[in-house]
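*Asks:*
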């Protein structure tokens, strides 16, 4: 299992998710209040707030898809927790619980990126 997680991390980095946090607690329930811990990969910096007495980490800021553009930073510092439904519009920015090792639809964008890189470098077998 250790190799699977390590390989998934490498693929996520290859796909441009350069920031990583080993465990963010996200409300994963439709009713609310059901928190699960997920590995998070991000294209923007991850700002997590730690609660050591409970061994929990929560998002301290919502992601900003514009991060990296001039003058654009992370935002909504007042949000202490982040519901997964709120995070869904930012799927291009954040990934949770990566499944490159078991899901074809996760792996196909990786294959597409490899082909694009090959064509960009005029690769001819």
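In this note's numbering, the protein residues as written are 23 to 147.
Heads up, the beta-carbon is just placed ideally off N, CA and C, and yes, glycines get one too.
Report buried or exposed for residue 36, applying the criterion of at least 16 other Cβ atoms within 10 angstroms of its Cβ.
*Replies:* Residue 36 sits at position 14 when you count from the first residue of the chain shown. Exposed is the call here.
*Asks:* Please report how far the alpha carbon of residue 64 lies from the alpha carbon of residue 46, in whole angstroms.
*Replies:* Translated into positions along the chain shown, residue 64 becomes position 42. Translated into positions along the chain shown, residue 46 becomes position 24. Between residue 64 and residue 46, the C-alpha separation is close to 12 Å.
*Asks:* To the nearest angstrom, how far is it from the Cα of residue 74 to the Cα of residue 122?
*Replies:* Along the chain shown, read from residue 1 onward, the residue named residue 74 stands at position 52. Along the chain shown, read from residue 1 onward, the residue named residue 122 stands at position 100. About 31 Å.
*Asks:* From the DSSP output, read off the bridge partner residues of residue 17.
*Replies:* Nothing can be reported for residue 17: it is not among the residues displayed for the chain, which extend from 23 to 147.
*Asks:* What does residue 72 pair with, by DSSP beta-bridge criteria?
*Replies:* Numbered from its first residue, the chain shown carries residue 72 at position 50. Bridge partners of residue 72: 79.
*Asks:* Is DSSP giving residue 39 helix, strand or coil here?
*Replies:* Residue 39 sits at position 17 when you count from the first residue of the chain shown. If DSSP states are grouped into helix, strand and coil, residue 39 belongs with coil.
*Asks:* Roughly how many angstroms lie between the CA atoms of residue 60 and residue 32, to the nearest whole one?
*Replies:* Numbered from its first residue, the chain shown carries residue 60 at position 38. Numbered from its first residue, the chain shown carries residue 32 at position 10. C-alpha separation (whole angstroms): 17 Å.
*Asks:* Using the Cβ count rule (16 or more neighbours within 10 Å means buried), how would you classify residue 30?
*Replies:* As a working mapping, residue 30 is identified with position 8 in the chain shown. With 16 or more Cβ atoms within 10 Å of its Cβ, residue 30 is classed as buried.
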